[in-house]
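Enquirer: I'd like to ask some things about the structure below.
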Amino acid sequence: MNILIIGASSIDVIAHSNSRILAQHESEGSVKFRHGGVARNIAELLTRLDISCKILTVVGDDVAGANLLAGLKQMGVDTELSIQVSDMSTSANIHILDLEGDVYTSITGPCLAHRLSADIIQNASIDETSIILADSTLDFNTLHHIAFETTAKKKIFEPVSYFEWTDLTEILPQFDIIALNKFQAERLRGGMITGVADAKDCAKYLLNEKGLQTVFIILDEYGSVAANNDTLVHVPAFQSKSFTKPGAEQAYTAAIIYGLYNELTFYQTALFAQACYALALDLPQGEMNSFTLQKVSDVLRDSTKVDTESAERVESERRQTSYDDEEIAKTP
């Protein structure tokens, strides 16, 4: 089975503060350089799940870009289709982590993935590809070409952060699978998700009204919901130190590809994806050396699932407290 990952790669500067971050103050901590980018990360995660893949990405014709591609090759990712450009530097991002290791803020530099034109995709000879994953850093015309013109058996769309959904609504139904975090799902639906029931309603709406074929919605402490025209399932979260981290969402998507590759059932795929998400949550930002099939198996076997009803009750109480505080503030 041929798998092609198309999209962004970058150099990530990860700064982890040893104390509470205060505006206009220096914070002591650690600073590390890591290879990143959505497409590049998913390619790495697939190799760590023992699945071979190709990557089509763009880096600068510089030391950083050469090292990034060399690192992928060393892990077993086929980089033959990837491109180095001489007129721009390899993309770079800065992620500031707070005392707990969660992302406090990020600054993203220019992404080179927009240089992957529809012509480049067309000339890449990918007709025999079984699975294509495209991230949303790609140019609209390129995404349109992938959605309508390529012949892969399964096409997966990976949204990045908050992008303009209205520009992509017409092409989303052409992708077989889309994985969303809660906020992305809310934006596409146009309404809030406050629990599992809302997420299930959202999934149905995206299938019936937006025309999506298969949707996975990551719900943080509520686990995740997966739906297609035949099945709707909910998988509770596994207990983790944190419940939100960008790299964990990419692990979830890599797990979906693993499920397709190994012909898992729909529920098995969602369960495996939730376990991969939980494992990635407990790893330091940008550190995937410990992401292995054995560790995922350990999560599935030993980890405690979060009580969804309890999590929803706590969230409801939190929202009510916030609402009461607002009402008190309005009282003269």
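Residue numbers 410 to 741, in our numbering, belong to the letters of the sequence shown in order. Beta carbons are placed, not taken as given, at the ideal position from N, Cα and C, and that holds for glycine.
Nearest to residue 633 by CA position, among 560, 418, 610 and 639, is which residue?
Expert: Taking the sequence shown and counting its residues from 1, one reaches residue 633 at position 224. Nearest of 560, 418, 610 and 639 to residue 633, Cα basis: 610.
Enquirer: Taking buried to mean at least 16 other C-beta atoms within 10 Å of its own C-beta, is residue 484 buried or exposed?
Expert: Counted from its first residue, the sequence shown places residue 484 at position 75. When all chains shown are included, residue 484 counts as exposed.
Enquirer: For the 8 Å Cβ check, are there 3 or more pairs between the stretch 588-595 and the stretch 613-632?
Expert: A contact exists between the stretch 588-595 and the stretch 613-632.
Enquirer: Would you mind reading off the limits of the beta strand (DSSP E) that contains residue 544?
Expert: As a first step, residue 544 must be located in the sequence shown, where it is residue number 135. Element bounds for residue 544: 540-544.
Enquirer: Run through DSSP, which three-state label would residue 634 get?
Expert: The residue labelled residue 634 in the question sits at position 225 within the sequence shown. Residue state, collapsed to three classes: strand.
Enquirer: Please look up how many angstroms separate the CB atoms of residue 445 and residue 470, rounded, as I've assumed it's under 8 Å.
Expert: By 1-based counting over the sequence shown, the position of residue 445 is 36. By 1-based counting over the sequence shown, the position of residue 470 is 61. Between residue 470 and residue 445 the Cβ distance is about 19 Å, and since that is not below 8 Å, they are no contact.
Enquirer: Per DSSP, residue 445 forms a beta bridge with which residues?
Expert: Within the sequence shown, numbered from 1, the residue matching residue 445 stands at position 36. BP columns for residue 445 point to 419.
Enquirer: Enumerate in chain order the residues of its own chain whose CB-to-CB distance from residue 515 is below 6 Å, with the five nearest sequence positions on each side excluded.
Expert: Position 106 of the sequence shown, counting from 1, holds the residue named residue 515. Same-chain partners within the cutoff: 504.
Enquirer: What residue range is occupied by the uninterrupted beta strand (DSSP E) comprising residue 506?
Expert: Numbered from its first residue, the sequence shown carries residue 506 at position 97. Its beta strand (DSSP E) spans residues 501-506.
Enquirer: Give me the residue from 686, 545 and 680 with the minimum Cα distance to residue 657.
Expert: On the sequence shown, residue 657 is found 248 positions in, with the first residue counted as 1. If we check each option's Cα against that of residue 657, 686 comes out closest.
Enquirer: Please classify residue 705: is it buried, with 16 or more other beta-carbons within 10 angstroms of its beta-carbon, or exposed?
Expert: Taking the sequence shown and counting its residues from 1, the one referred to as residue 705 is at position 296. Residue 705 is buried by the Cβ-count criterion.
Enquirer: Taking three-plus beta-carbon pairs below 8 Å as touching, is the stretch 455-464 in contact with the stretch 412-426?
Expert: With the cut-off at 8 Å, the stretch 455-464 and the stretch 412-426 touch.
Enquirer: Rounding to the nearest angstrom, what Cα-Cα distance links residue 608 and residue 587 in this structure?
Expert: As a position in the sequence shown, residue 608 is number 199, starting the count at 1. As a position in the sequence shown, residue 587 is number 178, starting the count at 1. Looking at the two C-alpha atoms, the distance is approximately 15 Å.
Enquirer: Could you give the residue range of the beta strand (DSSP E) that holds residue 589?
Expert: Reading the sequence shown from its first residue, position 180 is the one you call residue 589. Note, residue 589: beta strand (DSSP E), 586-590.
Enquirer: Do residue 667 and residue 454 count as a contact pair if the criterion is CB distance below 7 Å?
Expert: By one-based count along the sequence shown, residue 454 stands at place 45. By one-based count along the sequence shown, residue 667 stands at place 258. Their beta carbons are not under 7 Å apart, which means residue 454 does not touch residue 667 by this criterion.
Enquirer: Return helix, strand or coil for residue 494, following the three-state DSSP convention.
Expert: If you number the sequence shown from 1, residue 494 lands on position 85. Reduced to three states, the DSSP call for residue 494 is strand.
Enquirer: Apply the 10 Å Cβ neighbour rule to residue 696 and answer buried if 16 or more other Cβ atoms are within range, or exposed otherwise.
Expert: Here residue 696 refers to the residue found at position 287 of the sequence shown. Looking at its Cβ environment, which holds fewer than 16 other Cβ atoms inside 10 Å, residue 696 is exposed.
Enquirer: Could you pull the start and end residues of the alpha helix (DSSP H) that residue 554 belongs to?
Expert: On the sequence shown, position 145 is the one that residue 554 refers to. First-last of the alpha helix (DSSP H) with residue 554: 549-558.
Enquirer: Taking Cβ positions, are residue 501 and residue 518 nearer each other than 7 Å?
Expert: Within the sequence shown, residue 501 is the residue found at index 92, counting from 1. Within the sequence shown, residue 518 is the residue found at index 109, counting from 1. Contact: yes.
Enquirer: Check whether the Cβ atoms of residue 506 and residue 522 sit closer than 7 Å, and answer yes or no.
Expert: What you label residue 506 is simply residue 97 of the sequence shown in a count that begins at 1. What you label residue 522 is simply residue 113 of the sequence shown in a count that begins at 1. No, Cβ-Cβ distance for residue 506 and residue 522 is not below 7 Å.
Enquirer: Below 8 Å on the Cβ atoms is my guess for residue 663 versus residue 451; work out the distance and round it to an integer in Å.
Expert: Within the sequence shown, the letter at position 254 stands for residue 663. Within the sequence shown, the letter at position 42 stands for residue 451. With 8 Å as the limit, residue 663 and residue 451 qualify as a contact, their Cβ atoms being about 5 Å apart.
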